[in-house]
Every structure is written in structure tokens, then in C-alpha cells.
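Here's the structure we're looking at; comments come further down.
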Amino acid sequence: MARPKKQVKLKEPIKIRLKPLADGNKSIYLDIYWKGVRKYEYLKLYIIPEVNPLCKEQNKETMALAERIKAERIKALHGHGVQ
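Residue numbers (the working numbering): 4 to 86.
Written out as C-alpha cells, the structure is:
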């Protein structure tokens, strides 16, 4: 019986990361690693503690915006490289 093949997970050059802040919020930043160079880009977007459905929805929208910014940066990276 043959072993099932493992799916290869492609690594992305940009990851969204969160930095905890003193007030309980989390700051969203991009961790960019391209051709041996690491760079961080803070987006000035924040995740707030989810105490009610309104906060939860706001966090969802903020993460969607961060994902769109990440996609734009990946496109730019493949076109020009790290600035």
C-alpha cells in the first residue's frame, strides 16, 4: 500500500503579525522576508478586545483590510523587490 503524498505548503514572503500593546489592543504589522532581507511595516491598524459583537465585526473588517494591503505588497514585491 502506497503512502499518501504530503501537500506542499508554499511559504509567503509576507506574513501578518500582531504585537500586543499595553492598553490591551494589538497592533498589526507585516513581516516581510525577501531574498535574505527582513523588513517590518507597521500598518497603524489595531485589533481591539472583543467584548461585544460590534468590536468583533470591526476586528473582522480591520483584518480584511490588512489582508488586502498584504496582497498589494506581495504584488509590488514580485514586481520591484524590497525598497
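In this text, a Cβ means the ideal position worked out from N, Cα and C, and glycines have one as well.
Give the range of the alpha helix (DSSP H) segment to which Arg76 is assigned. In the sequence shown, residue 76 corresponds to position 73, counting from 1. Looking at the DSSP string, the run of the alpha helix (DSSP H) that includes Arg76 is 56-83.
Bridge partner(s) assigned by DSSP for Val40: Counting from 1 along the sequence shown, the entry for residue 40 is found at position 37. According to DSSP, Val40 bridges with Trp37.
Comparing C-alpha positions only, which one of Trp37, Lys63, Leu68 sits nearest to His83? The residue you call residue 83 lines up with position 80 of the sequence shown. Answer by Cα proximity: Trp37.
Does DSSP classify Pro7 as helix, strand or coil? Numbered from its first residue, the sequence shown carries residue 7 at position 4. If DSSP states are grouped into helix, strand and coil, Pro7 belongs with coil.
C-alpha distance - Gly39 paired with Pro16, whole-angstrom precision: By one-based count along the sequence shown, residue 39 stands at place 36. By one-based count along the sequence shown, residue 16 stands at place 13. For Gly39 and Pro16, the distance between alpha carbons rounds to 10 Å.
Indicate the three-state DSSP secondary structure (helix, strand or coil) for Ile17 in the structure shown. What you label residue 17 is simply residue 14 of the sequence shown in a count that begins at 1. Three-state result, Ile17: strand.
Consult DSSP for Lys12 and reduce its assignment to one of helix, strand or coil. By 1-based counting over the sequence shown, the position of residue 12 is 9. Lys12: coil per DSSP, three-state reduction.
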